Amino acid sequence: MKLGAPERAVLLAFADDEHLMGQRHTEWIGVAPFLEEDLAFSSIAQDELGHAVALYELVGGHDTEIDAYAFGRDRSAWRSCWLVEQPCTDWAAALVRHWLYDTAEWLRWEALSGSADERVRAVAERALQEERYHRRHADALLDALVGDEEADRRIGEALDHLLPLAVALFDAGQEASGADVTVVGPPLVELVNPWRAEVDRRFGPRPWSSVEPPAGHDRAVRSQHFDEVHDRMREVISLDPTATW
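Take 686 as the starting number for the sequence shown in my numbering and just add one per residue.
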């Protein structure tokens, strides 16, 4: 089945989200509060980067184009949401983003698992198996912290800061308009209510009427934090973009 431009736009946005989420998770390797979390975040980061590769393959169609999508595009060609571009240097913020993102990611993969395109469906089914672990991991970490006054305060502050960014994730962008729902599932915005229900279950009812995406958020526009993570992940390949590895 040939993917049209709107379907490719949906998958590219998802790939870019996965890529940058994986990159941001790697920042906790070696500095997490305890060794088990160094290992866990390393594993989850690898999974997210693997998901990005699989999605880039669907978008590009050829293995040789994956690095071009992953590292060679101009910043204006990226379609990541601002949540994954955001640095989370506080452990509580990293955990809250982990939970918010992976809950949304689960819903996105579930939507793709019913795709009429067998390639898309196969990628989604494999990813869902890994996401079960990611979600259990995020829930277990939060469960361990609930009830501690300091932890509750920091988690609450992180949630207040990150919720607007997380809500904005569900804006697929204009390029995805008209995408075939039999291929890429329902519009991303239709997943926001199931996601909100999960957030309320985990953290208690939220004042959703006052939670708005940040001003200017658009998948075609990069946030102030994008260049930092983009430059870091391109540090080696930029030494010689034509090199064969």
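Beta carbons are placed, not taken as given, at the ideal position from N, Cα and C, and that holds for glycine. No experiment lies behind these values; they were computed from the predicted model shown.
Ranked by how close their Cα comes to the Cα of S895, the residues T867, H846, A857 and V866 have H846 in first place. Just measuring C-alpha positions, the residue of R709, A698, A694 and P691 sitting nearest H910 is R709.
Within the same chain, and ignoring the five residues on either side of D775 in sequence, the residues whose Cβ sits closer than 8 Å to its Cβ are R839 and A843. For the 8 Å CB-CB criterion, E816 and D787 form a contact. The alpha helix (DSSP H) runs lying completely inside the region 819-866 and spanning 4 residues or more are 834-853, given in chain order. The DSSP-derived three-state label of W791 is helix. In this structure A905 touches R764 by the C-beta definition: roughly 7 Å separates them, less than 8 Å. DSSP places R887 within a helical segment (H, G or I) once states are collapsed to three. Take the alpha-carbon of E920 and the one of V914: they are about 10 Å apart. Scanning its chain for C-beta atoms nearer than 6 Å, with the 5 sequence neighbours on each side dropped, one finds around C773 the residues A779 and R782, in chain order. For V738, the enclosing alpha helix (DSSP H) covers residues L720 to G745.
Within the model, the alpha-carbon separation for V877 versus L688 is close to 25 Å. Listed in chain order, the non-local C-beta contacts of D802 below 6 Å within the same chain comprise M686 and V868, local neighbours out to five positions each way being set aside. When the alpha-carbon of A717 is set against those of P890, R806, L826 and L848, the nearest one is in L826. Counting along the chain, the unbroken alpha helix (DSSP H) around L768 starts and ends at W767 to E770.
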